[in-house]
Each structure stands twice: as structure tokens, then as C-alpha cells.
Amino acid sequence: MNQQAESREKEAISKLSQRYMSAGYSVEEQPELPELMAQHYRPDLVARRNGETIIIEVKVAPGPKLDGPRWSTIADAIRAIPGWRFILAIATQEAMLEIDATSLESLRARIQQFRQTNGLPPEAALLYAWSLFEAAARLVFIRQGAPPERLSASKALVDSLIYRGNISQEEGDELRILAQARNQTAHGIFAATISREQIDKLLTHAEALLAEEPT
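In our numbering, the protein residues as written are 1352 to 1566.
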């Protein structure tokens, strides 16, 4: 890691630490955790509050590719501990993106619940369904060892999935249409006609990505 990236990482860790403390968490930097000794892992931050433990790893973007197998092993170990979560925080020049790398089961449950109870207008349904799809894609990218900037760049999401072989070119073309409609809707432009079938297909893509993840 070069000096500039190291400085950005330290700044991001400091900001996250302050934010979690402001929210009532007790925070430790780079503690040794007996529960993760088998993984030879010391997180950047650990935040605790009312029985909840959040393990936080900070990466700067752009940056080197993630070690997919290692982070998968760590995420699985943390997921197995009741009350624990693993957050991968991606620090870009513009913002901080926090990805819950242990959210597999909750994402699947959200998709199923949404399928059963969706009474939203089409535009609102598209925004929520796309957020589920994007969250699923990021979990896959972590497993596959993508560069940190891939996890934070929603505009290139579909291209990245095609490139990595997670979806076909034809599926990518369909998703680009939905991505454009999603972006227009998010900015108050209601020009696209969105069908329930398109929403269901987007949720199916999200479920397919999550099916690639080990349970």
C-alpha cells in the first residue's frame, strides 16, 4: 500500500470509529479476537453495543483486488457467531460504502418477503428491487475477489457481472434497460413503463446471484 492510500485508510478508520462511537457503540481499533484466531485476522475496527458486535474492515478504492477466498472464510466465521456482523467499508474519494458481508440470509428473506407483500407503485418497487439486486452482486464480488472500486461503482455493475460470467450478455442487456429506468426514477424522471414481470425478473436475477453463495 502506498503512502497516500495508507493515509486515506487511516482517515477512513478514524471517521468510522467516531461515527460508531457517536451512535453509542464502544469501539476498538485492531483488537485481537479469540473467536477469529483460527483465521489469523485482526479487524480494523470492532464496534459493540447491546450484545451486537460489528467487525469492520476498511479498504480504499481504487485499490488492489480483494483476496476472495480469505474474505469469504472470514465472513463465514463471523456469520456463524450469534450477534456478530462483518462490514466491509469501501472508502472512495467521494464517500464511504459499508457492505454487510454476512447479510446472505437476510437478503434472501427480504426478497421472499418483497415477492409476497409487494404493493408498491412500480417505480418504488423498481428502486427497492434494484437495491436488493445490487446488494446480492456485491456479495458475489467479495467472494470473487473483485477490486474495491467494483464494489462501489453501481454504474458499472452490470458490465462487471457480464465480465465475470455471472450473467449472460442477453441478461445484461435486459438489466441495462432496468438500470436506466432505475436511474431516471431516482432523479424524478418517470419516463419508463415498468411492469411487474420486469420486477420479478430482477428479483430472480438477485436470487440467482445469491444461489452462487454458500449457505
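The C-beta atom is built at its ideal place from N, Cα and C for all residues, glycine as well. As the structure is a prediction and not an experimental result, all values here were calculated from the model.
Segment limits, beta strand (DSSP E) that includes residue i
{"i": "residue 1377", "result": "1377-1380"}
{"i": "residue 1451", "result": "1447-1451"}
Spatial neighbours of residue i in its chain, beta-carbon cut-off 7 Å, leaving aside the 5 residues before and after
{"i": "residue 1508", "result": "1485, 1488"}
{"i": "residue 1461", "result": "1483"}
{"i": "residue 1515", "result": "1495"}
{"i": "residue 1560", "result": "1487, 1488, 1491, 1517"}
{"i": "residue 1403", "result": "1434"}
{"i": "residue 1536", "result": "1474, 1477, 1478"}
{"i": "residue 1566", "result": "Because residue 1566 carries a pLDDT of 48, less than 50, the predicted location of this residue cannot be relied on, and no value is offered for it."}
Contacts around residue i, its chain only, beta-carbon distance under 6 Å, and the 5 residues preceding and following it disregarded
{"i": "residue 1423", "result": "1494"}
{"i": "residue 1449", "result": "1438, 1440"}
{"i": "residue 1377", "result": "1399"}
{"i": "residue 1363", "result": "1409, 1442"}
{"i": "residue 1453", "result": "1426, 1429, 1430, 1436, 1437"}
{"i": "residue 1371", "result": "1378, 1398"}
{"i": "residue 1415", "result": "none"}
{"i": "residue 1567", "result": "Here the chain comprises residues numbered 1352 to 1566, so residue 1567 is not present and cannot be evaluated."}
Paired residues, beta bridge with residue i - DSSP
{"i": "residue 1397", "result": "1379, 1406"}
{"i": "residue 1441", "result": "1410, 1448"}
{"i": "residue 1422", "result": "Per DSSP, none; premise fails for residue 1422."}
{"i": "residue 1436", "result": "1405"}
Classification of residue i by the beta-carbon crowding that lies within 10 angstroms, buried from 16 upward
{"i": "residue 1361", "result": "exposed"}
{"i": "residue 1492", "result": "buried"}
{"i": "residue 1549", "result": "buried"}
{"i": "residue 1528", "result": "exposed"}
{"i": "residue 1544", "result": "exposed"}
{"i": "residue 1555", "result": "exposed"}
{"i": "residue 1547", "result": "exposed"}
{"i": "residue 1418", "result": "exposed"}
{"i": "residue 1540", "result": "exposed"}
{"i": "residue 1365", "result": "exposed"}
{"i": "residue 1394", "result": "buried"}
{"i": "residue 1373", "result": "exposed"}
Terminal residues of the alpha helix (DSSP H) in which residue i lies
{"i": "residue 1371", "result": "1354-1373"}
Cβ-based neighbour list, residue i, same chain, cut-off 8 Å, excluding 5 preceding and 5 following
{"i": "residue 1479", "result": "1465, 1471"}
{"i": "residue 1355", "result": "none"}
{"i": "residue 1420", "result": "1496"}
{"i": "residue 1458", "result": "1483, 1486, 1487, 1490, 1557, 1561"}
heavy atom of the ligand SAM below 7 Å from residue i C-beta
{"i": "residue 1377", "result": "With respect to the ligand SAM, the structure offers nothing, as it holds no ligand at all."}
Exercise for the section: Return the chain-ordered ranges of every beta strand (DSSP E) run that is complete within the stretch 1498-1552 and spans a minimum of 3 residues. Expected result: none
Exercise for the section: Identify every run of the beta strand (DSSP E) within the stretch 1446-1495, keeping only runs that are complete inside it and at least 3 residues long; order them along the chain. Expected result: 1447-1451
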